[in-house]
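Read the structure below first, then the notes.
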Amino acid sequence: MTTPHPFTRREFLRSGLVLASAAASVPSFINSSALAMNRAAGGLSSVPGVPEDHVLVVIQLSGGNDGLNTVIPYGMDDYYKARPNIGIAAKDALKLSGADGVGLHPQLAPLHDLYDNGELAVIQGVGYPNPNRSHFKSMDIWQTADIGATGDGWLGRYFDAECCGFGKGESGTPDGAPKPEAAGPPGIAVGRSAPLAMEGRKIKPVAFESAELFKWSGADIHKTLREPYESLNNRIQGEGPAARKGSNSEFLLRTALDAQVSSDLIRKAVAKKPQTAFPGSDIGRQLGMVASMIRAGLKTRVYYVTHGSFDTHSAQGGAQGRHGQLLNQFAAALKAFYTDLKAQGNDGRVMTMSFSEFGRRVAQNKSQGTDHGTAAPMFIAGPMVKKGVIGEHPSLRDLDEGDLKYKLDFRSVYAGVLEGWLKADSKTILEGTFKPVQVLAKKA
Amino acid sequence: MNWLTQPATPEPKTDPAELSLDNPVPPPSDDMEPSLRPIRKQDFGYEQARHLLWRAGLGGSEQQIRLLVSWGPEKSVEYLLNPDKVEYPWPKDDAFDKNIMHPPTAEEREMYRKAQRAQDEDTLAEVRAERQRREQEDRRQMRDVQKWWLKRLIETPRPLEEKMTLFWHGLFATNYRTIENSYHMFQQNQLFRKHSLGSYAELLRGIIRDPAMLAYLNNNQSKKDKPNENLAREIMELFSLGVGNYTERDIKEGARALTGYTFEDDGFVFEKKNHDTGVKTILSNTGPLDGDGFVKAILAQSACPKYITRRLYSYFVADVPPDERGGDKELPSAQRKVLQQLAYAFGESRYQVKPLLRKLFLSEHFYEARFMNDQIKSPVMLAVGAVRSLNAPVRDLTIVSDALDLMGQNIFYPPSVKGWDGGRSWINTSTLFVRQNTLAFFLSGKKPQGYDSSADTQKYDVTKLLDNADGESLIAKGDVPGVADAMLRLTLGWTPKAGRDALLEFVKSNGGKLDERVLMGMLLVVTAMPEYQLC
Numbered sequence: 001m002t003t004p005h006p007f008t009r010r011e012f013l014r015s016g017l018v019l020a021s022a023a024a025s026v027p028s029f030i031n032s033s034a035l036a037m038n039r040a041a042g043g044l045s046s047v048p049g050v051p052e053d054h055v056l057v058v059i060q061l062s063g064g065n066d067g068l069n070t071v072i073p074y075g076m077d078d079y080y081k082a083r084p085n086i087g088i089a090a091k092d093a094l095k096l097s098g099a100d101g102v103g104l105h106p107q108l109a110p111l112h113d114l115y116d117n118g119e120l121a122v123i124q125g126v127g128y129p130n131p132n133r134s135h136f137k138s139m140d141i142w143q144t145a146d147i148g149a150t151g152d153g154w155l156g157r158y159f160d161a162e163c164c165g166f167g168k169g170e171s172g173t174p175d176g177a178p179k180p181e182a183a184g185p186p187g188i189a190v191g192r193s194a195p196l197a198m199e200g201r202k203i204k205p206v207a208f209e210s211a212e213l214f215k216w217s218g219a220d221i222h223k224t225l226r227e228p229y230e231s232l233n234n235r236i237q238g239e240g241p242a243a244r245k246g247s248n249s250e251f252l253l254r255t256a257l258d259a260q261v262s263s264d265l266i267r268k269a270v271a272k273k274p275q276t277a278f279p280g281s282d283i284g285r286q287l288g289m290v291a292s293m294i295r296a297g298l299k300t301r302v303y304y305v306t307h308g309s310f311d312t313h314s315a316q317g318g319a320q321g322r323h324g325q326l327l328n329q330f331a332a333a334l335k336a337f338y339t340d341l342k343a344q345g346n347d348g349r350v351m352t353m354s355f356s357e358f359g360r361r362v363a364q365n366k367s368q369g370t371d372h373g374t375a376a377p378m379f380i381a382g383p384m385v386k387k388g389v390i391g392e393h394p395s396l397r398d399l400d401e402g403d404l405k406y407k408l409d410f411r412s413v414y415a416g417v418l419e420g421w422l423k424a425d426s427k428t429i430l431e432g433t434f435k436p437v438q439v440l441a442k443k444a
Numbered sequence: 445m446n447w448l449t450q451p452a453t454p455e456p457k458t459d460p461a462e463l464s465l466d467n468p469v470p471p472p473s474d475d476m477e478p479s480l481r482p483i484r485k486q487d488f489g490y491e492q493a494r495h496l497l498w499r500a501g502l503g504g505s506e507q508q509i510r511l512l513v514s515w516g517p518e519k520s521v522e523y524l525l526n527p528d529k530v531e532y533p534w535p536k537d538d539a540f541d542k543n544i545m546h547p548p549t550a551e552e553r554e555m556y557r558k559a560q561r562a563q564d565e566d567t568l569a570e571v572r573a574e575r576q577r578r579e580q581e582d583r584r585q586m587r588d589v590q591k592w593w594l595k596r597l598i599e600t601p602r603p604l605e606e607k608m609t610l611f612w613h614g615l616f617a618t619n620y621r622t623i624e625n626s627y628h629m630f631q632q633n634q635l636f637r638k639h640s641l642g643s644y645a646e647l648l649r650g651i652i653r654d655p656a657m658l659a660y661l662n663n664n665q666s667k668k669d670k671p672n673e674n675l676a677r678e679i680m681e682l683f684s685l686g687v688g689n690y691t692e693r694d695i696k697e698g699a700r701a702l703t704g705y706t707f708e709d710d711g712f713v714f715e716k717k718n719h720d721t722g723v724k725t726i727l728s729n730t731g732p733l734d735g736d737g738f739v740k741a742i743l744a745q746s747a748c749p750k751y752i753t754r755r756l757y758s759y760f761v762a763d764v765p766p767d768e769r770g771g772d773k774e775l776p777s778a779q780r781k782v783l784q785q786l787a788y789a790f791g792e793s794r795y796q797v798k799p800l801l802r803k804l805f806l807s808e809h810f811y812e813a814r815f816m817n818d819q820i821k822s823p824v825m826l827a828v829g830a831v832r833s834l835n836a837p838v839r840d841l842t843i844v845s846d847a848l849d850l851m852g853q854n855i856f857y858p859p860s861v862k863g864w865d866g867g868r869s870w871i872n873t874s875t876l877f878v879r880q881n882t883l884a885f886f887l888s889g890k891k892p893q894g895y896d897s898s899a900d901t902q903k904y905d906v907t908k909l910l911d912n913a914d915g916e917s918l919i920a921k922g923d924v925p926g927v928a929d930a931m932l933r934l935t936l937g938w939t940p941k942a943g944r945d946a947l948l949e950f951v952k953s954n955g956g957k958l959d960e961r962v963l964m965g966m967l968l969v970v971t972a973m974p975e976y977q978l979c
């Protein structure tokens with residue numbers, strides 16, 4: 001057996017005491033990241049006013065969520081004319097206090113509770129000029145925050161600009177490479193691959209379907225493989241080219257060590273059952289994982305989850321039915337998420353934003369469904385939000401070839417979240433000037 | 445049927461005299477940089493042959509490495525540089541459908557207009573549905589083109605041809621997502637292959653006629669009275685000169701020169717009525733310049749051979765800043781001189797790629813210890829190189845191409861016109877696991893989670909891994925330390941002690957015998973070492 005290095009990763013994880021004694025002899029990158037991790041373990045829970053503590057959770061509703069059957073314009077006759085079979089009756093819509101003529105889909109009752117608690121903002125008529133009706137293209141537009149759908153992801157640019165979310169100017173390495181991720185990577189996406197939205201130039205997100213996949217699969221082939229694998233991926237001192245400072249070999253050795261620490265940290269975090277019962281839906285499972293990671297004190301700034309199948313071309317149903325089910329899964333999971341965060345004492349640190357690549361056409365089609373459309377509402381949740389309905393509902397008369405005309409550019413919403421919540425410069429990140437929507441109740 | 449774009453106007457012949465540089469790269473003041481001396485045959489051993497196969501090729505097996513050692517440096521390099529002399533019966537038939545994304549016909553347009561006027565929602569919905577169906581079909585074909593190229597990368601006996609094709613794809617980065625035409629992407633790939641080891645000047649003339657590029661950088665929307673500057677800008681900034689070697693005015697004038705360069709269906713057309721015939725001044729060349737005049741003005745700049753040489757050097761040897769001003773001070777003076785002399789030779793040769801690479805691959809410089817085993821493999825190099833060098837079976841290409849995406853190099857989908865950053869940007873904690881797990885899949889056939897749970901049944905015979913050409917087997921001899929060293933040498937290029945210790949311990953704890961299971965285990969461990977990410 002190879003002699004284990006006297007200061008292995010496991011010992012760092014165990015206590016700060018070991019750290020203190022090791023400090024003199026270990027490379028600085030290990031030292032500083034382990035210290036950061038130790039702080040994290042001490043409980044970051046609620047330190048109000050410290051920007052580093054703010055977390056954003058993005059929920060992507062994939063497939064084009066039918067906005068008109070999400071926030072119901074029950075006060076407009078045209079709505080019922082356009083949707084004779086799938087329209088939601090005025091009596092069923094959950095009224096939103098302070099807003100006239102619009103209400104939530106009855107299956108969004110859990111979201112309505114958040115609204116009544118002052119923890120939900122409904123932003124109406126969000127879209128962009130010359131809407132694209134391809135799922136693919138429009139999703140890229142939302143994710144890059146670029147009408148040409150090119151470039152890095154908007155959250156990726158945020159990570160790049162803010163140096164991993166570990167505080168400006170901390171990226172210190174000479175080549176601008178990100179800092180070790182020992183306290184959790186800046187962005188985590190739950191899913192097989194990371195969304196374009198999180199791809200930065202320098203900073204790449206971590207993505208995993210389940211935390212069990214965020215590790216080497218070779219050890220599952222035979223158990224005796226684990227030991228040599230771990231010994232070779234936990235080396236602090238390299239030989240050959242890795243002994244040369246600044247070499248790529250040295251960088252690889254360091255990243256391998258980071259990956260092991262990150263993998264341990266995340267898998268341990270997710271293994272802990274949430275304090276709240278989350279619904280059994282996939283979005284429930286995903287938000288349950290996120291709640292566990294937040295509870296474990298990861299310094300991750302942005303989490304990204306996805307809820308799919310909103311492409312309701314046929315038989316989408318009305319107050320009951322397929323679309324309603326999807327909405328209910330979304331709402332129930334989000335409510336459980338905030339219940340759990342409250343129990344943790346972390347609710348004040350976490351803002352959640354939902355979006356979809358487009359809404360659907362105003363008129364139902366012949367298959368009792370709806371086809372690809374344009375503008376739609378977004379939700380922003382959390383105790384810090386400016387409660388209420390933001391913006392104006394698009395007209396159902398003044399249409400563009402049967403589609404809604406957007407009232408608010410989605411990049412203004414992003415700007416509001418970036419400026420208000422993440423304390424970042426939205427002009428740099430969005431590569432343009434968009435008037436930030438005020439999403440916070442007061443200065444956070 | 446034609447594989448390549450047929451330009452509507454004949455491609456201009458290169459007149460060598462036209463290509464002389466306005467501001468030639470000054471000939472290096474001193475004598476030849478000593479490290480550019482050719483490597484001697486006796487210095488070209490296993491490590492050097494392996495290095496050449498990985499850097500100038502797509503990885504090499506034990507048998508291939510030994511073959512190159514026996515050939516010596518010159519014959520080995522000539523083999524790689526002359527793909528046309530290597531027989532390679534690749535199906536010549538055009539397997540891809542060029543009509544999926546054809547533009548609407550006059551009748552279709554008329555029908556759509558009528559439906560719009562009549563507010564005939566049913567017809568409009570049908571048209572939209574049809575368009576979506578086509579887009580879907582085209583994305584499917586794009587996946588086929590990806591797999592086609594991957595298979596070629598894995599199987600080709602002409603590795604440098606494909607490696608250069610990948611280089612040009614990264615330099616002239618074009619993303620399918622934007623242009624949504626798989627056939628154009630395929631055509632562009634063939635263009636890169638055609639000029640893979642030929643003349644950069646010819647390729648640059650080809651690229652301003654390439655439908656995929658013209659669409660990607662909006663030149664098809666560039667009109668005489670409203671020139672679009674996108675293509676002119678990116679050509680100078682990213683494809684030829686680098687920032688700081690042109691002015692905003694050159695971009696504006698360049699855009700005018702490129703007006704009217706567009707395409708119809710799958711071929712280039714020059715739209716005379718949209719071309720600005722007026723006098724322009726680009727990089728101090730004045731005249732009624734067209735696209736070729738624009739290219740010619742660029743090729744006459746000394747910045748051009750310097751920029752392309754540096755890009756090639758970063759691709760094949762080690763990362764260097766794209767420009768002398770970008771941190772050359774940090775480079776050892778010998779390396780700076782190598783870059784200068786190569787750039788000079790490239791300009792002198794009228795942008796012929798082959799002589800430049802010959803000089804480089806034969807130089808002592810290329811084999812210096814500090815460059816060996818310290819380049820981060822791109823995802824394509826990792827995946828393709830693993831299959832080629834370990835003689836692993838070619839597994840489900842859909843999974844391989846998905847893995848490339850997860851590792852950050854989805855071919856035909858570069859993240860932007862800048863291409864892939866490469867180097868350290870390939871590696872983070874997330875991609876490192878994907879890289880290690882992709883290797884585990886190649887070797888064991890155990891599919892990554894998310895695919896059907898059946899294992900890929902193609903068997904991988906690991907016992908042949910280290911056989912030499914005479915069929916002599918180190919493994920059959922049961923020499924455990926010998927096998928451990930040979931395996932490390934093949935996979936990593938050297939034998940780190942930590943790896944050796946771990947392997948010996950692993951064999952011991954499994955009974956000490958080199959059976960198939962143990963050998964597979966050893967290889968799984970080695971390919972999950974951080975060092976395996978390097979070549």
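Heads up: the sequence lines are chains A and B, in that order.
Residue numbering for the first sequence follows the working numbering, beginning at 1 and increasing consecutively.
Residue numbering for the second sequence follows the working numbering, beginning at 445 and increasing consecutively.
Each residue gets a CB set at the ideal place from its N, CA and C atoms; glycine is no exception.
Since the structure is predicted, the reported quantities are computational estimates derived from the model, not experimental observations.
Check: Coil, strand or helix - A/V439 by DSSP; Outcome: coil
Check: Where A/G67 meets chain B, residues with beta-carbon distance less than 7 Å; Outcome: Near A/G67 there are no residues of chain B at all, since even the closest Cβ is about 19 Å away, more than 7 Å.
Check: Backbone CA spacing between B/N689 and B/L682 [nearest angstrom]; Outcome: 11 Å
Check: Rounded separation between A/R235 and B/T971 - CA only; Outcome: 16 Å
Check: Straight-line Cα distance separating B/A778 from B/S640; Outcome: 28 Å
Check: Residues that B/R572 contacts on chain A, provided the C-beta gap is smaller than 8 Å; Outcome: R133, D371 and H372
Check: Cutoff 9 Å: B/F886 Cβ touching any chain A Cβ; Outcome: no
Check: For A/E170, the three-state DSSP class (helix, strand or coil); Outcome: With a pLDDT of 33 at A/E170, under the threshold of 50, the modelled position of that residue is not reliable, and the figure given next carries that caveat. In the structure shown, A/E170 sits in coil (DSSP, three-state: anything other than H, G, I, E or B).
Check: Member of A/G391, A/G297, A/A271 and A/G218 whose CA lies at the smallest distance from the CA of A/R285; Outcome: A/A271
Check: B/E570 to B/R577 span [Cα, whole Å]; Outcome: 10 Å
Check: Pick from A/N328, A/H135 and A/E431 that is closest to A/H105, judged by C-alpha positions; Outcome: A/N328
Check: Given A/I72 as reference, the closest of A/G64, A/D53, A/L108 and A/S62 once Cα atoms are compared; Outcome: A/L108
Check: Cβ-Cβ distance between A/A296 and A/F278 below 9 Å; Outcome: no
Check: Under 9 Å by beta carbon: chain B residues contacting A/E199; Outcome: G852 and P859
Check: Contact check, B/P655 vs B/F707, beta carbons under 9 Å; Outcome: yes
Check: Whole-angstrom distance between A/I86 and A/Q60, CA atom to CA atom; Outcome: 24 Å
Check: Buried/exposed call for B/T882, threshold 16 Cβ in 10 Å; Outcome: buried
Check: 9 Å Cβ cutoff, A/G432 in contact with chain B; Outcome: no
Check: Proximity below 9 Å, CB of B/L978 to CB of A/S249; Outcome: yes
Check: Pairwise C-alpha distance: A/S262 and A/E181; Outcome: Its pLDDT being 45, under 50, A/E181 is placed unreliably in this model, and the coordinates cannot settle the point.
Check: Straight-line gap, A/Q124 to A/P195 (C-alpha atoms, nearest Å); Outcome: 24 Å
Check: Boundaries (first-last residue) of the beta strand (DSSP E) holding A/Q124; Outcome: L120 to G127
Check: Residue-chain proximity (B/R814, chain A), Cβ-Cβ < 9 Å; Outcome: yes
Check: B/M672 (DSSP reduced to helix, strand or coil); Outcome: The question names Met, but residue 672 of chain B in the sequence shown is Asn. Three-state DSSP puts B/N672 in coil, outside helix and strand.
Check: A/M37 - DSSP class collapsed to helix/strand/coil; Outcome: Its pLDDT being 35, under 50, A/M37 is placed unreliably in this model, and the coordinates cannot settle the point.
Check: Inter-stretch contact (C-beta, 8 Å, three-pair minimum) for the region 571-591 of chain B and the region 621-632 of chain B; Outcome: yes
Check: A/N346 vs A/V55 beta-carbon contact at 9 Å; Outcome: yes
Check: CB contact check: A/F159 to chain B, cutoff 9 Å; Outcome: no
Check: Pairwise C-alpha distance: B/P974 and B/A920; Outcome: 29 Å
Check: Three-pair Cβ contact test at 8 Å for the region 583-597 of chain B versus the region 736-744 of chain B; Outcome: no
Check: Span separating the alpha-carbon of B/D929 from that of B/W938; Outcome: 8 Å
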